[in-house]
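Everything below concerns the one structure shown next.
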Amino acid sequence: MPNFTKMAIKSTFIKLLNEKPLSQITVKDIVEECGVNRNSFYYHFQDIPALVEEIVTEEADRIIAEYPSIDSIEQALNVAMDFARKNRRAILHIHNSANRDIYEQYLWKVCQHVVSSYVNVAFADKPIADSDRELLIRFYKCECFGMVMEWMSSGMRDDMPEQIRRLCELRKGMAEEMVERSLKRRG
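So the number in the working numbering is just where the residue sits in the sequence shown, counting from 1, plus 1448.
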């Protein structure tokens, strides 16, 4: 059973993160808003960066469990951006903070999962070399990560889902062509 105090601290932190930048949130703010003492905070978390890391890691794990397979790169990109859209201010506050690397690690983990799922589903019946499969995964992971990071750096514009849809139209067949080249090389 999840610890109520720990969950309350996380929930309070996310609420505060939606209100102000990460650099302006203190342990004192969290415990006062949450109604617990400092010792309770430090019992569960070493510091605020540890709290941030646990929250984003749990979210990455939740997304991975929720989407065991991905059918398209468009779906992969939308999954990677979904949590950020739902928690726009909080994510931008983390993105613009000294703890940005924690969010980037989360995003890498999510991108790795969604792209691996896509490649494994889309090309399950293709006997491509493992090295080529890993190269495809790395390429699409970097594409996914780069698109999301650029979107965040531009303030999370509302037009990104349409841009992703259009990009996927423009690049339709590209993955299949890469797989065909891999098969020719192997054959």
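The beta carbon of each residue, even a glycine, is placed where N, CA and C say it ideally should be.
Contacting residues, own chain, Cβ-Cβ under 8 Å from residue i (five flanking each side not counted)
i, result
"M1449", "Per-residue confidence for M1449 stands at a pLDDT of 39, beneath the threshold of 50, marking its modelled position as unreliable; the derived number appears in the next sentence. The answer is none, since no qualifying residue turns up."
"K1468", "H1541"
"V1484", "T1453, A1456, I1457"
Proximity of residue i and residue j at Cβ, strictly below 8 Å
i, j, result
"C1616", "E1502", "no"
"L1540", "C1592", "no"
"I1511", "V1527", "yes"
"M1600", "A1532", "yes"
"I1478", "T1453", "no"
"H1492", "I1457", "yes"
"E1507", "Y1554", "yes"
"S1630", "D1549", "no"
"Y1551", "V1596", "no"
"R1536", "M1604", "yes"
Residue environment, residue i, which counts as buried when at least 16 other CB atoms sit within 10 Å
i, result
"T1474", "exposed"
"V1564", "Here the sequence assigns Ser to residue 1564, which means Val is not the residue at that position. It is buried - the Cβ of S1564 has at least 16 other Cβ atoms within 10 Å."
"A1513", "exposed"
"Y1490", "exposed"
"A1577", "exposed"
"L1618", "exposed"
"M1622", "exposed"
"M1529", "buried"
Cutoff 7 Å; reference residue i; Cβ partners in own chain excluding five residues on either side
i, result
"Q1560", "K1589"
"L1470", "H1541, I1542, S1545, N1547"
"R1613", "E1522"
Cβ neighbours of residue i in the same chain (closer than 6 Å, five flanking residues each side left out)
i, result
"E1574", "Note that residue 1574 is Lys in the sequence shown, not Glu. If we look at K1574 and ignore the five residues flanking it on each side, its Cβ neighbours are V1627."
"L1465", "A1538, H1541"
"I1585", "V1563, S1564, V1567"
Any non-hydrogen atom of the ligand COA within 7 Å of residue i CB
i, result
"A1546", "Judged by which ligands are present, the structure shown has none, so any question about the ligand COA falls away."
query = How do the segment 1566-1584 and the segment 1541-1553 stand: do at least 3 beta-carbon pairs fall below 8 Å, yes or no?
reply = Not touching, per the Cβ criterion.
request  = Please go through the segment 1459-1522 and give each complete alpha helix (DSSP H) segment of 4 or more residues, from N-terminal end onward.
outcome  = 1475-1482, 1486-1492, 1496-1514
task = Report the residue ranges of all alpha helix (DSSP H) runs contained in full by the segment 1549-1603; include only those spanning at least 4 residues, in chain order.
result = 1578-1601
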